[in-house]
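Since the structure comes first, as structure tokens, the remarks are kept for the end.
Protein chains: 2
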Amino acid sequence: MKVLIVDDHAVVRDGLALLIQDAFVVDSVHFAQEGREAIQLAMQHSFDLILLDLSMPDGLDGILALLELRKLQPKARIVIFSMYDEEVYQQKAYENGADGYLVKRMKGDELVRALDRIMLGKKLFPTVHPDPLAHGGDERVESAAPWVLPLSPRETEVFTLTVLGHSQREIAERLGISVKTVENHRQHISQKLGLSKRSDWLEVAKKYKVFELY
Amino acid sequence: MKVLIVDDHAVVRDGLALLIQDAFVVDSVHFAQEGREAIQLAMQHSFDLILLDLSMPDGLDGILALLELRKLQPKARIVIFSMYDEEVYQQKAYENGADGYLVKRMKGDELVRALDRIMLGKKLFPTVHPDPLAHGGDERVESAAPWVLPLSPRETEVFTLTVLGHSQREIAERLGISVKTVENHRQHISQKLGLSKRSDWLEVAKKYKVFELY
DNA sequence: TTCGATTTGAGGGAAAACCCCTATAGTACC
DNA sequence: GGTACTATAGGGGTTTTCCCTCAAATCGAA
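Residue numbers (this note's numbering), protein chains in the order written: chain A, 1301 to 1514; chain B, 1301 to 1514.
Shown next as structure tokens:
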């Protein structure tokens, strides 16, 4: 596996390199400090995985770099690795061909797990939730919510249906489980998020644009 | 009071004229079929009240006409009178200096009452709700919600706070009333809207963009 | 002035939700 | 093989909400 890491901080570059070399079979790792340099490298070598920091001080804008890299390396997995989890950036990253959007506060093992899934062909975006209302379909976009919101897939479903106003009974019927289980999920969610009041859930839901998606 | 009515349907023009002449002391009524004609008239006469249909087939786009009319007649009350209550139009109308946005399915007396308030200096927009979270302030924008959602001001507050996830107790404390009263308001709201499940409330709230406003 | 709507509040009982704890089975990680 | 997470579900008790009814004060409209 050939890897390109684009970040303006040397520490981050090296840390990432170590993590990845530890977790994957890596043939080579190249580094770039900013977009232009990355593009130079992408014209000379082909990569399997490109980790791209969005916030680079000088040089090319992150999204433009992404666009250019995607053109140069159509088959590479390009993963945005950012300080911020603002939805706008994620949206842009998604639209411009990124395969994932990870935030820097993720722990090492979480990051490796995420990269693993991405290498398997999944797309990971924190606030693109899996649709709990869809009856089926080819969900290739996996939610990375577990790392932004530390919720499991099932919990995410319960969370979404709850903030949309569905009662425990309704959710239980819809998911084919007992009311008690829904209740347990809700409690776990409250614990994980550190939220007691339901209005706090709604705040979070608004922040993660649940109402725009469903 | 000098009135200008802009609508491409003769029936609507005449009906409106009769209604207004019946309810107000009217010096003169002018008519226009579309935007350009309205602007011509606005250059020749000054008006106190302009009723403007947004959906006019040919000629000037409604919003552009509004903009032009507002420039020509800064002191006139300009009221949009539309078939549709889409929020986008309302937003546009509001931003471009309209004093109100009324829908054609309103009954005559409702319309007169609305125009009355507008002539008194209020602004009326169906889905611009009064902020139930604001502690006070100069609320000049009145909600015309009673005609779109048939809810009283207090009910609108309870509705909004409820869909935002607040409990009856929280709402009671916030509004300085008893829990029982909040409960009653909720029941009245359910009756008026014909909605039983809270998820239905959320549907309505989404439709009226409660989550974008609060 | 009477009628309807609004706002306020309560009683009483049924239903739902919430809280805390326990428990099992599967999966995944080290 | 132990530890952690996930998903499932029950017991038992408390709190909240829901439902239906009644009622008083206010206010604008017919």
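Don't be surprised by glycine CBs; every beta carbon is placed ideally from N, CA and C. These numbers were taken from a predicted model, which means no experiment stands behind them.
| Query | Result |
| --- | --- |
| Please tell me whether Ser1443 (chain B) has its Cβ less than 8 Å away from any Cβ of chain A. | Bear in mind that the predicted position of Ser1443 (chain B) carries a pLDDT of just 46, short of 50, making it unreliable; the figure below should be weighed with that in mind. False, the Cβ-Cβ gap to chain A never drops below 8 Å. |
| Say whether chain A places a C-beta atom closer than 8 Å to the C-beta of Gly1494 (chain B). | no |
| Contact defined as beta carbons within less than 8 Å: I believe Met1343 (chain B) pairs with Leu1372 (chain B). What is the distance between those atoms, to the nearest angstrom? | 6 Å |
| Using C-beta distances below 6 Å, list every residue in its chain close to Ala1505 (chain B), excluding the 5 sequence neighbours before and after it, in chain order. | Val1463 |
| Check the Cβ of Ser1499 (chain A) against every Cβ in chain B and list those closer than 9 Å, keeping chain order. | Leu1461, Leu1464, Gly1465, His1466, Ser1467, Glu1470 |
| Using a cut-off of 9 Å between C-beta atoms, extract the partners of Leu1475 (chain A) located in chain B. | None at all; the shortest Cβ gap to chain B is about 15 Å. |
| For Leu1502 (chain A), would you say it is in contact with chain B, using Cβ-to-Cβ distances shorter than 8 Å as the test? | yes |
| Report buried or exposed for Leu1369 (chain B), applying the criterion of at least 16 other Cβ atoms within 10 angstroms of its Cβ. | buried |
| For chain A, check one thing: does any of its Cβ atoms lie closer than 8 Å to the Cβ of Lys1302 (chain B)? | no |
| Quick check on the DSSP output: the alpha helix (DSSP H) that includes Lys1300 (chain B) runs from which residue to which? | The structure shown has nothing for residue 1300 (chain B), since chain B only spans 1301 to 1514. |
| Let's test the definition: count the other Cβ atoms within 10 Å of the Cβ of Lys1423 (chain B) and tell me whether it reaches 16, buried, or not, exposed. | buried |
| Any C-beta of chain B sitting closer than 8 Å to the C-beta of Lys1507 (chain A)? | no |
| So with CB distances below 7 Å, who are the chain B contacts of Phe1511 (chain A)? | Lys1506, Phe1511 |
| With which residues is His1330 (chain A) paired in a DSSP beta bridge? | A:Leu1304 |
| Whole angstroms is fine: what's the gap from Ser1452 (chain A)'s alpha carbon to Ile1489 (chain A)'s? | 9 Å |
| Note down the Cα distance separating Lys1302 (chain B) from Tyr1508 (chain A), rounded to an integer number of angstroms. | 50 Å |
| Taking a contact to mean a Cβ-Cβ separation below 8 Å, would you say Ile1477 (chain B) touches Leu1461 (chain B) in this structure? | no |
| DSSP three-state call for Leu1502 (chain A): helix, strand or coil? | helix |
| Sort out for me which residues DSSP pairs Leu1402 (chain B) with in a bridge. | B:Phe1381 |
| Just tell me which of B:Asp1399, B:Pro1374, B:Gln1468 has its CA closest to the CA of Leu1351 (chain B). | B:Asp1399 |
| Look at the alpha carbon of Asp1322 (chain A) and the alpha carbon of Val1510 (chain A), and state the distance between them as a whole number of angstroms. | 36 Å |
| On the DSSP letters alone, give me the boundaries of the beta strand (DSSP E) that Leu1351 (chain A) sits inside. | 1349-1353 |
| What residues in its chain sit with their C-beta under 7 Å from that of Val1326 (chain B), if we drop five residues either side in the sequence? | Met1301, Val1303, Ile1320 |
| Hey, out of A:His1330, A:Ile1363, A:Phe1425, A:Lys1480, whose CA is closest to Asp1348 (chain A)'s CA? | A:His1330 |
| Would you kindly work out how many angstroms separate the C-alpha atoms of Gln1390 (chain A) and Val1379 (chain A), rounded to a whole number? | 11 Å |
| Taking the straight line between their C-alpha atoms, what separation do you get for Gln1468 (chain B) and Val1482 (chain B)? | 6 Å |
| Pick helix, strand or coil for Val1325 (chain A), following the three-state DSSP scheme. | coil |
| Taking the CB atoms as reference points, tell me whether Gly1494 (chain B) and Ser1499 (chain A) lie closer together than 8 Å. | no |
| Which word fits Ser1382 (chain A), buried or exposed, when buried means at least 16 other C-beta atoms lie within 10 angstroms of its C-beta? | buried |
| In terms of residue numbering, what span does the alpha helix (DSSP H) encompassing Pro1453 (chain A) cover? | 1453-1463 |
| Express the C-alpha separation of Leu1318 (chain A) and Leu1354 (chain A) in angstroms, rounding to a whole number. | 21 Å |
| Quick check on Lys1509 (chain B): does DSSP put it in helix, strand or coil? | coil |
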